[in-house]
Amino acid sequence: MRTLTQSAKLRTKTQLRPVIRQGVEVDRYFKLLELMDASDDDLADLMPSPACNRRLRALLPDLKKVESVSKAIQGEDVSLLDARVWLDGLISIKPYYARFIGTISLPYN
Numbered sequence: 085m086r087t088l089t090q091s092a093k094l095r096t097k098t099q100l101r102p103v104i105r106q107g108v109e110v111d112r113y114f115k116l117l118e119l120m121d122a123s124d125d126d127l128a129d130l131m132p133s134p135a136c137n138r139r140l141r142a143l144l145p146d147l148k149k150v151e152s153v154s155k156a157i158q159g160e161d162v163s164l165l166d167a168r169v170w171l172d173g174l175i176s177i178k179p180y181y182a183r184f185i186g187t188i189s190l191p192y193n
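The opening residue of the sequence shown carries number 85 in my numbering; numbering runs sequentially from there.
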């Protein structure tokens with residue numbers, strides 16, 4: 085599936101779950117990075133700097149959390165309260181996410 089929307093539509097028809105490409109590509113990048121020769125001039129021009137790679141590695145766990153919440157929200161039997169709790173959890177990890185997710189006041193009963 086190319087997008088989460090397509091994946092969500094498929095979930096209404098079957099219990100099978102496709103692999104979403106974005107998560108696979110990020111993991112594949114770090115696996116390939118270990119095999120690349122940084123001393124190769126042709127590759128060195130195209131590769132991110134070591135500092136950039138460290139920042140990307142630091143972002144990877146956060147991206148996986150966002151992906152897992154996104155998949156969970158699209159599951160069956162998910163209430164609006166469940167979704168709000170998960171999204172609030174993301175906002176507590178990174179307050180910057182509030183800019184994209186939005187905040188509303190819900191009673192947690």
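A virtual CB, placed ideally from N, CA and C, is assigned to each residue, including glycine. Given the structure is predicted, the values throughout are model-derived calculations rather than measurements.
> Is I185 near L171, with beta carbons less than 8 Å apart?
Replying inline: Within the sequence shown, residue 185 is the residue found at index 101, counting from 1. Within the sequence shown, residue 171 is the residue found at index 87, counting from 1. Cβ distance < 8 Å, so I185 and L171 count as in contact.
>> Considering only the alpha carbon of each residue, which of V150, L130, S133, S123 lies closest to L174?
In response: Here residue 174 refers to the residue found at position 90 of the sequence shown. Relative to L174, the option among V150, L130, S133, S123 whose CA is nearest is V150.
> Which residue's Cα is closest to the Cα of Y113: R141, Q90, D146, D129?
Replying inline: Indexing the sequence shown from 1 puts residue 113 at position 29. Among R141, Q90, D146, D129, the Cα nearest to that of Y113 belongs to R141.
>> Once DSSP output is grouped into helix, strand and coil, what is the label at E128?
In response: Stepping through the sequence shown from its first residue, residue 128 is reached at position 44. Contrary to the premise, residue 128 reads as Ala rather than Glu in this sequence. In this structure, DSSP gives A128 a helical state, which the three-state scheme calls helix.
>> I'd like the span of the alpha helix (DSSP H) that includes E151, first residue to last.
In response: Counting from one through the sequence shown, the residue named residue 151 turns up at place 67. First-last of the alpha helix (DSSP H) with E151: 134-157.
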